[in-house]
Amino acid sequence: MQEQQVTIERETHPLKQPFIVIASQLPYGGAGTFPLSDVQIDRFMFRIWSAFPNKEEEDQILRDIDEISEPHTSAVATPNDIIQLQQEVKKVYIADGIRSYIVDILDTLRHHPDLSLSPSPRGGIALFKGSRALAFTQGRDFVIPDDVKSL
Numbered sequence: 378m379q380e381q382q383v384t385i386e387r388e389t390h391p392l393k394q395p396f397i398v399i400a401s402q403l404p405y406g407g408a409g410t411f412p413l414s415d416v417q418i419d420r421f422m423f424r425i426w427s428a429f430p431n432k433e434e435e436d437q438i439l440r441d442i443d444e445i446s447e448p449h450t451s452a453v454a455t456p457n458d459i460i461q462l463q464q465e466v467k468k469v470y471i472a473d474g475i476r477s478y479i480v481d482i483l484d485t486l487r488h489h490p491d492l493s494l495s496p497s498p499r500g501g502i503a504l505f506k507g508s509r510a511l512a513f514t515q516g517r518d519f520v521i522p523d524d525v526k527s528l
């Protein structure tokens, strides 16, 4: 997907921008599913863990099931809006010291004796880009160490 194109039966199709993949994964195996390899997992920028609802939340879900089973959604942004936001995030400043901080984190993790798998260069890119995006969502045009720590 990084190539922003797909090939089907030897015919290559460019993908329209913005191209974003969101996937779900069961936390435990399931019938007909197979674990992703490390190479496949490395392609994902973020993992968001969603916990099971507590008893009150579960009760609310069951009370509202007829309303939520027919979702009514509407667009909150156009593809051009997303492309514009991506360009704005690229303008968020990362000081040399913050970039060095990210590099130090990666280096430390890659040499930690208790880790069997360390971050790839993609991991560093994700941390760099994610820190910018987080700063942007916080209304800042610069990254602070807490942005990096949060990710």
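Reminder that position 51 of the sequence shown reads as 428 in my numbering, one-by-one numbering, no gaps.
Note that the Cβ used here is the ideal one computed from N, Cα and C, for glycine as well.
Since this is a predicted model, take the numbers as computed values, not measurements.
> Under the DSSP definition of a beta bridge, which residues are partnered with glutamate 548?
Replying inline: This structure does not reach residue 548, given that the chain is present from 378 up to 528, and the question cannot be answered.
> Is DSSP giving phenylalanine 429 helix, strand or coil here?
Replying inline: Here the question's residue 429 lines up with position 52 in the sequence shown. DSSP places phenylalanine 429 in coil when its eight states are reduced to three.
> Using the rule of at least 16 other Cβ atoms within 10 Å of the residue's Cβ for burial, across every protein chain shown, is leucine 511 buried or exposed?
Replying inline: By 1-based counting over the sequence shown, the position of residue 511 is 134. It counts as buried.
> alpha helix (DSSP H) containing aspartate 415: first to last residue?
Replying inline: Numbered from 1 along the sequence shown, position 38 holds the residue referred to as residue 415. Counting along the chain, the alpha helix (DSSP H) containing aspartate 415 begins and ends at 415-418.
> Do you know how far the Cα of alanine 454 is from the Cα of glutamine 394?
Replying inline: Indexing the sequence shown from 1 puts residue 394 at position 17. Indexing the sequence shown from 1 puts residue 454 at position 77. Taking the straight line joining both Cα atoms gives about 14 Å.
> Is DSSP giving phenylalanine 513 helix, strand or coil here?
Replying inline: As a position in the sequence shown, residue 513 is number 136, starting the count at 1. Note: phenylalanine 513 maps to helix in three-state DSSP.
> Ends of the alpha helix (DSSP H) at threonine 590?
Replying inline: Here the chain has residues from 378 to 528 only, and residue 590 is not among them.
> Taking the DSSP output, what are the residues bridged to phenylalanine 519?
Replying inline: Residue numbering aside, residue 519 sits at position 142 when the sequence shown is read from its first letter. Looking at the DSSP assignment, phenylalanine 519 forms a beta bridge with Tyr470.
> Assuming isoleucine 460 and valine 525 make a contact with CB atoms under 8 Å, what is their CB distance in whole Å?
Replying inline: Here residue 460 refers to the residue found at position 83 when the sequence shown is read from its first residue. Here residue 525 refers to the residue found at position 148 when the sequence shown is read from its first residue. Wrong, their Cβ atoms sit about 25 Å apart, outside the cutoff.
> Since arginine 487 and proline 496 are thought to touch, with beta carbons under 8 Å apart, how far apart are those beta carbons, to the nearest angstrom?
Replying inline: By 1-based counting over the sequence shown, the position of residue 487 is 110. By 1-based counting over the sequence shown, the position of residue 496 is 119. With a Cβ gap of about 7 Å, arginine 487 and proline 496 count as contacting.
> So what does DSSP say about arginine 401, is it helix, strand or coil?
Replying inline: Residue 401 sits at position 24 when you count from the first residue of the sequence shown. In the sequence as presented, arginine is not what sits at residue 401; that position holds serine. If DSSP states are grouped into helix, strand and coil, serine 401 belongs with coil.
>> Let me check understanding here. Comparing Cα to Cα, which of Gly516, Gly500, Pro522 lies closest to arginine 424?
In response: Looking up residue 424 in the sequence shown gives position 47. Nearest of Gly516, Gly500, Pro522 to arginine 424, Cα basis: Gly500.
>> Just verifying my parser: in three-state terms, what is the DSSP assignment at glutamine 379?
In response: Reading the sequence shown from its first residue, position 2 is the one you call residue 379. If DSSP states are grouped into helix, strand and coil, glutamine 379 belongs with coil.
>> aspartate 518 and tyrosine 470 - do their beta-carbons sit closer together than 8 Å?
In response: Looking up residue 470 in the sequence shown gives position 93. Looking up residue 518 in the sequence shown gives position 141. Yes, the pair counts as a contact, with Cβ atoms nearer than the cut-off.
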